[in-house]
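Once you know that position 190 of the sequence shown is 230 in my numbering, the rest is easy, because the numbers rise by one and skip nothing.
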Amino acid sequence: MFTGIIEELGEVTAIERSADSALITVRGPLVAGDARDGDSIAVNGVCLTVVSTDPATGTFVADVMRETLERSTVDSVRVGDPVNLERAATLATRLGGHLVQGHVDGVGTILSRHPGDRWEDVRVALPPDLNRYVVEKGSIAVDGVSLTVTAVDEASFSVSLIPTTMRVTTLGHRPVGDLVNLEVDVIGKHLEKLVGAPERAS
């Protein structure tokens with residue numbers, strides 16, 4: 041479980057691809073500093089499992105399975121790309137964002153960017169099957185960043201990026217047309233299933 045508050049801007053240093061999986065090496069001295077084999081680290085909002093670390097270089101290696109490659113932007117990541125990094129939350133973690141699982145629900149496309157005085161409004165295309173989970177003033181994770189939805193329609197939603205978000209995450213420089221990982225609020229999905237479930241016989 042994560043909070044969507046990015047701890048570090050890392051860099052992809054190596055990718056080893058096979059037929060239906062990959063090994064990705066990421067430099068992130070902060071998150072790799074206390075990482076152990078089996079730990080979870082969110083990379084651009086994708087929960088990945090650490091398989092090895094190298095304290096000398098501040099890197100960690102993670103497995104990426106076919107399901108992840110097919111459902112997220114990890115398959116398009118290249119060596120040298122910056123990535124948002126967050127370690128898994130603990131019971132003592134401040135929940136500054138919202139509950140984020142690191143399980144990508146879909147991929148969106150940045151449609152527009154409109155700078156304001158000290159902030160920027162960004163509009164993102166929304167896959168049709170995710171629209172019902174996105175509400176104005178609700179939360180959504182974009183490339184692992186916890187953001188508040190400022191507007192939503194049938195095909196897109198908007199968020200506002202504060203200076204800190206633009207400075208310490210990849211969203212500060214993502215151009216129009218770039219693909220981003222989307223994770224909707226899991227509470228909405230659970231409520232939908234509960235409300236739609238048939239009543240149990242007493």
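Think of the CB as a built atom: it goes at the ideal place given N, C-alpha and C, for glycine as much as any other residue.
Endpoints, beta strand (DSSP E) assigned at residue i
{"i": "V220", "result": "L219 to V224"}
{"i": "E160", "result": "E160 to A165"}
{"i": "R57", "result": "E48 to R57"}
{"i": "V182", "result": "S179 to V182"}
{"i": "L187", "result": "V185 to V192"}
Residue burial classification, residue i (beta-carbon count within 10 angstroms, cutoff 16)
{"i": "L187", "result": "buried"}
{"i": "S92", "result": "exposed"}
{"i": "E110", "result": "exposed"}
{"i": "E107", "result": "exposed"}
{"i": "S242", "result": "The predicted position of S242 is uncertain, since its pLDDT is 47 and thus under 50; a value taken from the coordinates is nonetheless stated next. Per the 10 Å Cβ criterion, exposed."}
{"i": "S112", "result": "buried"}
Where residue i falls: helix, strand or coil (DSSP)
{"i": "G148", "result": "strand"}
{"i": "K233", "result": "helix"}
{"i": "L70", "result": "helix"}
{"i": "V117", "result": "coil"}
{"i": "R7", "result": "The first residue shown for the chain is 41 and the last is 242, placing residue 7 beyond what the model contains."}
{"i": "L63", "result": "strand"}
N- and C-terminal bounds of the alpha helix (DSSP H) containing residue i
{"i": "V208", "result": "P203 to V208"}
Are the segment 119-130 and the segment 204-222 in contact at 8 Å, needing three or more beta carbon pairs? yes
Examine the Cβ distances between the segment 58-75 and the segment 86-106 and report whether three or more of them are shorter than 8 Å. yes
Along the chain, which unbroken stretches of the alpha helix (DSSP H) at least 4 residues long are found entirely within the segment 71-137? 106-111
Check whether the segment 154-168 and the segment 195-204 touch, using three or more Cβ-Cβ pairs below 8 Å as the test. yes
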